[in-house]
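Note that the protein sequences, when read in sequence, are chains S and W.
Take the first sequence: its position 187, counting from 1, is numbered 187 in our numbering, and each next residue is one higher.
Remember, our numbering sits 1000 above the position in the second sequence when you count from 1.
Ideal placement from N, C-alpha and C gives every residue a C-beta, glycine not left out.
Predicted model only: the values in this text are computed from it and were never measured.
Beneath this line is the structure, given in structure tokens, with notes to follow.
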Amino acid sequence: MGNTPTLKRIIATDCGSTTTKAILIEFIDNEYRQTIRGEAPTTVERPLNDVTKGVVNAVTELEELWQLVNKGKKIKFVENDKILIGNGDDGVDAYVSTSSAGGGLQMMVTGVVAKMTGESAERAALGAGAIVMDLIASNDKRPNYEKIERIRELRPDMILMAGGVDGGTTKHVVELAELVAAADPKPRLGSSYKLPVIYAGNNAARDIIKETIGEKTDLIITENIRPTLERENLGPARDKIHDLFMEHVMAQAPGYNKLMSWTVGPIKGKLENIPIMPTPAAVGNIMQTIARRNNIEVLGVDIGGATTDIFSVFTEDFIFNRTVSANLGMSYSISNVLATAGLKEIIRWVPFEINESELRNMIKNKMIRPTTIPQQLEELVLEQAIAKEALKYAFLQHKEFAVGLKGGQRHREIADAFSQSVSGGTIVDMMSLDLLVGSGGVLSHAPRRNQSVMMMIDAFLPEGITRLAVDSIFMMPQLGVLAEISEKAATEVFEKDCLIYLGTCVAPVGKIKPDKISLSAEIELPDGKTFNQDIKFGEIVLLPLGVGETAKAILKPGRGLDLGAGKNQQIETELHGGVIGIVLDTRGRRPFELPANIQERIPLLKKWMRELQVYPDSILD
Amino acid sequence: MAQAYSPGLSVTESIIIRKERILPLKGDVLVKKGVKVKAEDLVAETLLPGKVVPFNLANKLGVTPNLVNQYIIIKEGDNLKKGQIIAESKGFFGLFKSIVRSPIEGEVENISTITGQLLLREPRIPVQLKAFIDGIVVDVIENEGVIIENKSAYIQGIFGIGGETTGEIMMIASSPDEVITPEQIDDSCTGKIIVAGSMITYKVIKKAIQKKVNGIISGGIDDHDLKELLGYNIGVAITGHEDIGTTLVITEGFGDIKMAEKTFSLLKKFSGKKSSIHGKTQIRAGVMRPEIIIPLEFKEEELTTPSNKMSLLEIGTTIRVIRQPNFGLIGKVTALPEELTKVESETLVRILEAELENGQKVILPRANVEVIEE
């Protein structure tokens, strides 16, 4: 597409399970910029039961703010409760949207060997933006009757069935189909249609599969996702998932039929319908683009109300992985963070004493009234402590899943295929990671960026030298779908308006005694001053260095410690600044430990938080 | 002005309620359109398929799957008795004959000659669906269920535990901020739906279960007590399936929170009246909140479903604070500034100004209030 003069103004929305976020992109001075944003609660709930109401509310806010910014000039984005498209001076030229409301896309996948075709199926589903409720494999050790019960009780939106290489044995994949047929599963939203099942397994079994489940389900057959042992082919299955997501899942959610008719944009000069994308699929698009363009390793996290998604691109082959922690989030699932981590793990991040019962009740109240926000400082601190645990657990799950298996269409040597199923070692390497990007309400909307820095460092424990950024207003989903009609607009806005660089974290790895020097840093700042200091173990030092600025640094790790070049090896490098600056973190990695004793821990937390200026002094005194 | 939308829970003295009563699977509808039903009446029933039992026949016979057909003596759809012979191999000259018997009573669902596996199904499980509310059957969905309407006093709770039940409303608390004690629960509470004040404790709930109280309505509950009651921590708010011996409807939230004056006085007004309640809560994917439905006398022509309306935040609107500080207090909106404002937590938000019932003037994030319809 590219430089289409017809696209002067574009609205993109992301309908999340809590909030509907709208952004306006305008073509100003020969480039695309994101100018205004608005948001409103998502309205898939009663009494409104219509997602478009929330969209109209968010877009109405855009309209009001546009007029405010443009000093009284009049404009209309909404007319007759509908987004106004292609109306000269008023309205916009395109409207696109992503959605994760209504629980997103919930899938079940099956495969013959859990670690091989099962994992491929799981990756296809995750890559398409789904939440994988369960993976059922021939070798997963559950007795068959249990598998049948499980399939029946899950009520997914759709099932992806994989298994077998093309032309191979059909017995196991047919057996799985028999289990699905016996369970006779019903779709999650309504029983008025048959459950969609995508078959992407051994092509020799297609006819028998048709015979077995063709009548009971809405069966769609596509290419094998694992045609040979050493080749993965996820594209066709992913495309089918997206088609079905639109046709079945979205069409069942309240108001989506209407919304689907609104999303249009010019394709080859004609207004065409632009499909609504599952939010995580759109984020994945954008993340991969960054990694390839800049030739870097990237880890991205999107912590939402219900789920936490982690995206990563690692190794020189740009291997992309995505995981969804379906029940780790900051509102709907906040109580599950407590159930997963336990009170003690959450409290260890809190710099004051707290009544446990009050904390429990606060968490539950957030769960039942998920759209509320912390007005009191104390509640903000608590929510951020919970966020660290949610992020930590989501990241653990990601590391376990990202085990060197490749997405997209890639050939792999037979030896790799075996080693991956046998070793299963994670490819997530915090030492070689270049950029950590945070997004989602709690990270993007944190009142101080310093808070985002601390949450990301404490939860992910970056090692060596790592740049930190946030997607300030969580624009990645909208940009991911926008790329469908204009890659130019999407990438321009991404580079200029999306990422806000926070700074760089420097953290030596390894064990050392508390009173020893952990890091000797000699940093030449742009104003000509030099920071020269030996930092003991257990400290955080913040060194301001602005956005776009760099500083030459000679960094020497303490005895036995490593900064990325090997134990005791000095590094000479350039550190990038950001709105916060450089964070020299000598609190330890592998292990990172907080004192169990509250009398020791609280003063330490306060010291670090003061140095990083995380919270107002009133709460740290 | 923007259409500031703050969904609130319904608390209303009279509304037309429309309930779909749909079977989980197709079955028989037992009532006709236009019939008056009581909450306890059965309106539809069906048989749920029994548990599927996979059975590897090829293994049992010691043959390859494609040979299963030669030995099997049952066919798909056959009814089975436990121990009945389902396959036998001929053996050599009548020797080494192996006989395979059915492990269950039920039905033959599927015979596979590719995997050599039989799928047997246990007998069907009957499911009966009650009307749940007194009302009129206004529509019958053939083989699926009915739609029942009535006019009711109606209260939505914020969170609940346990399934559908009915009973007479009985006030135990005398004010919405009272915390009732186990001693107040006696034999007179049996079969009733009792109303507590600001908080229901574990001990009171236990006593209520012992006295066979059908349901409990309370302003708040302590999360610790809930965990003790259920034996586990609720991770994601999907409830209603618990079987603790009674149904709980919480109207305000977790902790000691005074029940909203309006809710309390409405319940008090209908003390002694029959009510249908449930604790089903689902906060994701098709929100569901617990309900208290108190049927009123009505004429059929009154049954017109009102259209959904938007709760608007305007100057003068009555609101309730739904987060600390001042959680649970009621107030009136005095101003709705457009610009973003920094609150104590330094968060920049859209706020409103309000005067609370205690006379205090406050600013509140708009996200932290709900509209109370009057």
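Cutoff 9 Å: W:N1150 Cβ touching any chain S Cβ: Counted from its first residue, the second sequence places residue 1150 of chain W at position 150. Not closer than 9 Å to any Cβ of chain S, the Cβ of W:N1150 fails to qualify, so no.
Reduced DSSP category for S:T315 - H, G, I as helix; E, B as strand; rest coil: Residue 315 of chain S sits at position 315 when you count from the first residue of the first sequence. In the three-state reduction of the DSSP assignment, S:T315 falls in the coil class, being assigned neither a helical nor a strand state.
For S:H576, the first and last residue of its enclosing beta strand (DSSP E): The residue labelled residue 576 of chain S in the question sits at position 576 within the first sequence. Segment I571 to H576, the beta strand (DSSP E) holding S:H576.
Per-residue contacts from W:P1054 into chain S (C-beta, under 7 Å): Counting from 1 along the second sequence, the entry for residue 1054 of chain W is found at position 54. N144 and Y145, listed in chain order.
Selected residue, minimal CA-CA separation from S:P447, among W:L1352, W:L1340, W:E1370 and W:N1368: On the first sequence, residue 447 of chain S is found 447 positions in, with the first residue counted as 1. Sorting W:L1352, W:L1340, W:E1370 and W:N1368 by C-alpha distance to the C-alpha of S:P447 places W:L1340 at the top.
Alpha carbon of S:K8 to alpha carbon of S:M287, nearest angstrom: Taking the first residue of the first sequence as 1, we reach residue 8 of chain S at position 8. Taking the first residue of the first sequence as 1, we reach residue 287 of chain S at position 287. So the two alpha carbons sit approximately 25 Å from each other.
Amino acids of chain S, ordered along the chain, whose beta-carbon sits closer than 9 Å to that of W:V1349: As a first step, residue 1349 of chain W is located in the second sequence; it is residue number 349 there, counting from the start. Under the 9 Å cutoff, chain S gives I373 and Q375.
Residues that S:S357 contacts on chain W, provided the C-beta gap is smaller than 7 Å: Translated into the one-based positions of the first sequence, residue 357 of chain S becomes position 357. The contacting residues are D1222 and H1224.
Under 7 Å from the C-beta of W:V1100: neighbouring residues of chain S: Here residue 1100 of chain W refers to the residue found at position 100 when the second sequence is read from its first residue. What W:V1100 touches in chain S: nothing, since even the nearest Cβ is about 17 Å away.
Inter-residue CB distance, W:G1191 and W:G1279 (contact presumed, cutoff 8 Å): Start at 1 with the first residue of the second sequence, and residue 1191 of chain W comes out as number 191. Start at 1 with the first residue of the second sequence, and residue 1279 of chain W comes out as number 279. Contact between W:G1191 and W:G1279 fails: their C-beta atoms lie close to 17 Å from each other, not under 8 Å.
Assigned secondary structure, S:A415 (DSSP; H/G/I helix, E/B strand, else coil): In the first sequence, residue 415 of chain S corresponds to position 415, counting from 1. Below a pLDDT of 50, predicted positions are generally treated as unreliable, and S:A415, at 38, falls in that range; no measurement from the model is reported.
Status (buried if at least 16 other CB within 10 Å, exposed otherwise) for S:L405: Locating residue 405 of chain S in the first sequence gives position 405, counting from the first residue. Any answer about S:L405 is weak, because its pLDDT of 47 lies below 50 and its placement is not dependable; what the coordinates show is given next. Counting the other CB atoms within 10 Å of its CB gives S:L405 a total of 16 or more, which places it among the buried residues.
Chain W contact residues for S:A181, given Cβ-Cβ distances below 9 Å: Working through the first sequence from its first residue, we reach residue 181 of chain S at position 181. Ordered by position in chain W, the residues that pass the 9 Å Cβ test against S:A181 are E1109, N1110 and L1119.
9 Å Cβ cutoff, S:P185 in contact with chain B: The structure shown contains no chain B; its protein chains are S and W.
Contacts around S:L575, its chain only, beta-carbon distance under 6 Å, and the 5 residues preceding and following it disregarded: Position 575 of the first sequence, counted from the first residue, corresponds to residue 575 of chain S. In its chain, beyond the 5 residues on either side, T504, A551, A553 and I582 have a beta carbon closer than 6 Å to the beta carbon of S:L575.
Listed by chain order, chain W residues near S:E178 by CB distance under 9 Å: Here residue 178 of chain S is taken as the residue at index 178 of the first sequence, counted from 1. Chain W residues near S:E178: P1054, N1110, S1112, I1114, T1115, Q1117 and L1119.
Check: S:N80 C-beta below 8 Å from any heavy atom of the ligand ATP: The ligand ATP is absent from the structure shown, which contains no ligand whatsoever.
Proximal residues of chain S, C-beta to C-beta of W:E1445 below 7 Å: The question about residue 1445 of chain W has no answer here: the residues shown for chain W are numbered 1001 through 1374.
Interface flag, S:M108 vs chain W, CB-CB below 9 Å: Position 108 of the first sequence holds residue 108 of chain S. Under the 9 Å criterion on CB atoms, S:M108 is classed as non-interfacial with respect to chain W.
Buried or exposed by the 16-neighbour rule on C-beta atoms within 10 Å, applied to W:E1149: Numbered from 1 along the second sequence, position 149 holds the residue referred to as residue 1149 of chain W. W:E1149 should be labelled buried.
DSSP state of S:L555 mapped onto helix, strand, coil: Here residue 555 of chain S is taken as the residue at index 555 of the first sequence, counted from 1. Strand, per DSSP.
DSSP three-state assignment for S:N3, whether helix, strand or coil: Numbered from 1 along the first sequence, position 3 holds the residue referred to as residue 3 of chain S. With a pLDDT of only 43 at S:N3, under the threshold of 50, the placement of this residue in the model should not be trusted; the figure read from the coordinates follows. Correct three-state label for S:N3: coil.
Backbone CA spacing between W:L1356 and W:I1315 [nearest angstrom]: Position 356 of the second sequence, counting from 1, holds the residue named residue 1356 of chain W. Position 315 of the second sequence, counting from 1, holds the residue named residue 1315 of chain W. So the alpha carbons of these two residues sit roughly 14 Å apart.
The stretch 1320-1342 of chain W: positions lying closer than 7 Å to chain S by Cβ: For the stretch 1320-1342 of chain W, the beta-carbon criterion of a distance under 7 Å to any beta-carbon of chain S is satisfied by I1322, R1323, Q1324 and P1325.
N-terminal and C-terminal residue of the alpha helix (DSSP H) that S:E306 is part of: Numbered from its first residue, the first sequence carries residue 306 of chain S at position 306. The question names Glu, but residue 306 of chain S is Ala in the sequence shown. It is not in any alpha helix (DSSP H) - S:A306 carries neither H nor E in the DSSP assignment.
Cutoff 7 Å; reference S:L620; Cβ partners in own chain excluding five residues on either side: Reading the first sequence from its first residue, position 620 is the one you call residue 620 of chain S. The answer, listed in chain order, is P351, K606, M609 and R610.
Identity of the residue in S:I373, S:A40, S:H248 and S:G538 nearest S:V442 by Cα: As a working note, residue 442 of chain S is residue 442 in the first sequence. Across the set S:I373, S:A40, S:H248 and S:G538, the C-alpha of S:I373 shows the shortest separation from the C-alpha of S:V442.
Supposed contact pair S:A282 and S:V481 - C-beta distance, whole angstroms, cut 8 Å: For the purposes of this step, residue 481 of chain S is identified with residue 481 of the first sequence, where counting begins at 1. For the purposes of this step, residue 282 of chain S is identified with residue 282 of the first sequence, where counting begins at 1. Rounded to the nearest angstrom, the Cβ distance from S:V481 to S:A282 is 5 Å, consistent with a contact under 8 Å.
Alpha-carbon spacing of S:M367 relative to S:E345, whole angstroms: Position 367 of the first sequence, counted from the start, is the residue given in the question as residue 367 of chain S. Position 345 of the first sequence, counted from the start, is the residue given in the question as residue 345 of chain S. Rounded to whole angstroms, the gap between the alpha carbons of S:M367 and S:E345 is 19 Å.
S:L499 and S:V579 closer than 9 Å at C-beta: As a first step, residue 499 of chain S is located in the first sequence; it is residue number 499 there, counting from the start. As a first step, residue 579 of chain S is located in the first sequence; it is residue number 579 there, counting from the start. No; because the gap between Cβ atoms is not below 9 Å, this pair is not in contact.
Pairwise C-alpha distance: S:E495 and S:I296: Stepping through the first sequence from its first residue, residue 296 of chain S is reached at position 296. Stepping through the first sequence from its first residue, residue 495 of chain S is reached at position 495. A direct Cα-to-Cα measurement between S:I296 and S:E495 gives close to 15 Å.
CB contact check: W:S1010 to chain S, cutoff 9 Å: One-based indexing of the second sequence puts residue 1010 of chain W at position 10. W:S1010 counts as touching chain S.
Neighbour list for W:I1158 in chain S, Cβ cutoff strictly below 8 Å: If you number the second sequence from 1, residue 1158 of chain W lands on position 158. Under a criterion of Cβ atoms nearer than 8 Å, the residues of chain S adjacent to W:I1158 are, in order, I368 and R369.
Beta-carbon spacing of S:A630, S:M161 below 9 Å: In the structure displayed, chain S extends from 1 to 621; residue 630 of chain S sits before or after that span and is not available.
Three-state secondary structure (DSSP) of S:Q613: The residue labelled residue 613 of chain S in the question sits at position 613 within the first sequence. Correct three-state label for S:Q613: coil.
W:V1321 - DSSP class collapsed to helix/strand/coil: Working through the second sequence from its first residue, we reach residue 1321 of chain W at position 321. Strand at W:V1321.
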